[in-house]
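Keeping their order, the protein sequence lines are chains Z and Y.
Taking this note's numbering, the leading residue of the first sequence gets 24, the next gets one more, and so forth.
Taking this note's numbering, the leading residue of the second sequence gets 24, the next gets one more, and so forth.
Where is the CB? At the ideal position from N, CA and C, for every residue including glycine.
There are 2 protein chains.
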Amino acid sequence: MRNAMDNESSAPEGWREQKRRETRQRIAETGLNLFIANGYEATTLEAIAAASGISARTFFYYFKSKEDILLAWQQGLPDAVRAAILAEPPDQRPLHLVRNAFLKLAAQFSSEQAAAIDRILRSTEQLRASNQAKFLSMEKATFDALSEHWPQARRRKALQVVAMASVGAMRLSVDAWADEAGQKPLASFIKQTFSALEAEL
Amino acid sequence: MRNAMDNESSAPEGWREQKRRETRQRIAETGLNLFIANGYEATTLEAIAAASGISARTFFYYFKSKEDILLAWQQGLPDAVRAAILAEPPDQRPLHLVRNAFLKLAAQFSSEQAAAIDRILRSTEQLRASNQAKFLSMEKATFDALSEHWPQARRRKALQVVAMASVGAMRLSVDAWADEAGQKPLASFIKQTFSALEAEL
DNA sequence: AGAGAAATTTACAGTCTGTGCAATTTCAAA
DNA sequence: TTTGAAATTGCACAGACTGTAAATTTCTCT
Chain Z
24 MRNAMDNESS APEGWREQKR RETRQRIAET GLNLFIANGY EATTLEAIAA ASGISARTFF
84 YYFKSKEDIL LAWQQGLPDA VRAAILAEPP DQRPLHLVRN AFLKLAAQFS SEQAAAIDRI
144 LRSTEQLRAS NQAKFLSMEK ATFDALSEHW PQARRRKALQ VVAMASVGAM RLSVDAWADE
204 AGQKPLASFI KQTFSALEAE L
Chain Y
24 MRNAMDNESS APEGWREQKR RETRQRIAET GLNLFIANGY EATTLEAIAA ASGISARTFF
84 YYFKSKEDIL LAWQQGLPDA VRAAILAEPP DQRPLHLVRN AFLKLAAQFS SEQAAAIDRI
144 LRSTEQLRAS NQAKFLSMEK ATFDALSEHW PQARRRKALQ VVAMASVGAM RLSVDAWADE
204 AGQKPLASFI KQTFSALEAE L
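This is the structure we're talking about:
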């Protein structure tokens, strides 16, 4: 029961949550640095926990697996995708709209840190596989956001396909960008890939 | 050194290889049946090895991981994709060519067993991730085969995009097909998805 | 302030996948 | 029949992850 001089629920329960987030963040950073320094497989949970100042068991209270540390860095992605698409004016063809949204998004997600994470994600078979899940979540977010722009049921199939092709184009762009070690900006790859897509179909 | 009454290399060294393949096949079947019966995670390596009549250690002489059993069932996929695409007459636009190749392919890979494997592959997070790798390998096979039809370097980007969109369409088709528990044939979903793709772009 | 509930942290023991190593068995070729 | 490579196995071990129960901390309510 709350009453009187009670600021909603921001201070009381918010403190716990905030501390929890801070700890989680600290572990994620510690882990990432160790991965960068020693490689993913060579870094044991024990090491991450020790460097984070917690017990090995407590690690699993914050992350459900070692891999989860890396996924945590992209947790904001689906929301960002969704927001970027909804921010676009709907007077464009869906494919074009998504292209423009992704172009704006590319700025945020092509930092040096993002590149480092990407490098780790490509380093082992297991991580490469789970990295694909990222694109699946992007595809879902894209489809959901497009569905808000065009809620008509008869557009469903079309939007699904647009989401698939757009995210696929994004993936090809990121791959090409990563292969060239970041000479040209990601945005130029995105433009090129989407152009090729429209030209070929 | 081979000489005289020597039938190439089919009988002599072939015997070992054949037995090896048989053992591998037996393990794969035993494992799959156990997965179907008890679920993937509930089936231990120990159980698979015992039911296959080998030691747990020997299992790893045939498969590099438990997961690998499932991947073994799709080992022929890339070659089949490649063959199907190369078998198509090249007097069609690339996207259309791949569509027709996939339609012919769909017959082979929509057996009851394939559906069972697909169900297992969707049952856990880990397997869902590695299942995506299947589509990546299809994409690569598609691109490689298309590159033989159109070897010109300036078509590279375009073919890459076609491979991505085609395999993506295939994935959406399989998903829709699996969701409907196989009421309509897979082929009809493929036609529909490719139509939507061409319409939207 | 103090009792009690709830969240956090930890130790301990145990399961399971996967690897390294060395010994043993099997089998095709000389 | 001998020999060497491939196949098979046991054993020991690392490392990720879970179940449980107990301690410790952090609120909440009175």
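Would DSSP call residue i helix, strand or coil?
i, result
"Glu-40 (chain Z)", "helix"
"Phe-86 (chain Y)", "coil"
"Trp-173 (chain Y)", "coil"
"Trp-200 (chain Z)", "helix"
"Ile-77 (chain Z)", "coil"
"Lys-207 (chain Y)", "coil"
"Ala-65 (chain Y)", "coil"
"Glu-111 (chain Z)", "coil"
"Ser-33 (chain Y)", "Interpretation of Ser-33 (chain Y) is limited by its pLDDT of 38, a score under 50 that renders its predicted location unreliable; the figure taken from the coordinates is listed afterwards. Ser-33 (chain Y) falls in the coil class under three-state DSSP."
"Gly-99 (chain Z)", "coil"
"Leu-224 (chain Z)", "coil"
"Ser-134 (chain Z)", "coil"
"Thr-46 (chain Z)", "helix"
"Ser-146 (chain Y)", "coil"
"Arg-151 (chain Y)", "helix"
"Arg-116 (chain Y)", "coil"
Here's the rule I'm using: 16 or more other beta-carbon atoms within 10 Å means buried, otherwise exposed. How should residue i be labelled?
i, result
"Asn-61 (chain Z)", "exposed"
"Gln-183 (chain Y)", "buried"
"Gln-41 (chain Y)", "exposed"
"Ala-181 (chain Y)", "buried"
"Glu-171 (chain Z)", "exposed"
"Gln-97 (chain Z)", "buried"
"Glu-148 (chain Z)", "exposed"
"Arg-122 (chain Y)", "buried"
"Glu-90 (chain Z)", "buried"
"Trp-200 (chain Y)", "buried"
"Thr-53 (chain Z)", "buried"
"Ala-72 (chain Z)", "buried"
"Ala-152 (chain Z)", "buried"
"Ala-245 (chain Y)", "Any answer about residue 245 (chain Y) is impossible in this case: the structure gives chain Y only from 24 up to 224."
Do residue i and residue j have their C-beta atoms closer together than 9 Å?
i, j, result
"Gln-155 (chain Z)", "Ala-156 (chain Y)", "yes"
"Leu-55 (chain Y)", "Leu-220 (chain Z)", "no"
"Thr-165 (chain Z)", "Ala-186 (chain Z)", "yes"
"Ala-109 (chain Z)", "Phe-132 (chain Z)", "The amino acid occupying residue 109 (chain Z) in the given sequence is Leu; Ala does not appear at that position. No."
"Val-190 (chain Y)", "Phe-212 (chain Y)", "no"
"Phe-58 (chain Z)", "Leu-93 (chain Z)", "yes"
"Lys-207 (chain Z)", "Leu-126 (chain Z)", "no"
Out of the options, point me to the one whose CA is closest to residue i's CA.
i, options, result
"Ala-188 (chain Y)", "Y:Thr-53, Y:Phe-82, Y:Thr-216, Y:Glu-45", "Y:Thr-216"
"Thr-104 (chain Z)", "Z:Asp-167, Z:Leu-118, Z:Glu-52", "According to the sequence provided, residue 104 (chain Z) is Val. The question's Thr does not apply to it. Comparing Cα-Cα distances from Val-104 (chain Z) to each of Z:Asp-167, Z:Leu-118, Z:Glu-52, the minimum goes to Z:Asp-167."
"Ala-107 (chain Y)", "Y:Phe-83, Y:Ala-204, Y:Ala-130", "Y:Ala-130"
"Phe-83 (chain Y)", "Y:Tyr-63, Y:Ile-50, Y:Leu-120, Y:Thr-66", "Y:Ile-50"
"Ser-134 (chain Y)", "Y:Arg-178, Y:Leu-209, Y:Asp-91", "Y:Leu-209"
"Pro-174 (chain Y)", "Y:Ala-72, Y:Pro-117, Y:Tyr-85, Y:Leu-57", "Y:Pro-117"
"Lys-163 (chain Z)", "Y:Leu-195, Y:His-119, Y:Phe-125", "Y:Leu-195"
"Asp-114 (chain Z)", "Z:Leu-169, Z:Ile-92, Z:Lys-207, Z:Asp-198", "Z:Leu-169"
"Glu-203 (chain Y)", "Y:Ala-138, Y:Ser-218, Y:Leu-57, Y:Arg-178", "Y:Ala-138"
"Arg-178 (chain Z)", "Y:Ala-199, Y:Asp-102, Y:Ala-222, Y:Leu-128", "Y:Ala-222"
"Asp-102 (chain Z)", "Z:Lys-214, Z:Met-161, Z:Ser-218, Z:Arg-39", "Z:Met-161"
"Leu-128 (chain Y)", "Y:Glu-69, Y:Gln-206, Y:Val-197, Y:Ser-153", "Y:Val-197"
"Ser-88 (chain Z)", "Z:Gln-206, Z:Gly-205, Z:Ala-176, Z:Leu-150", "Z:Leu-150"
Exercise for the section: May I ask you to verify whether the region 69-81 of chain Z touches the region 39-54 of chain Z, counting CB pairs closer than 8 Å and requiring at least 3? Expected result: Touching, yes.
Problem - the region 58-73 of chain Z contacting the region 140-149 of chain Z, beta-carbon criterion three pairs below 8 Å - result: yes
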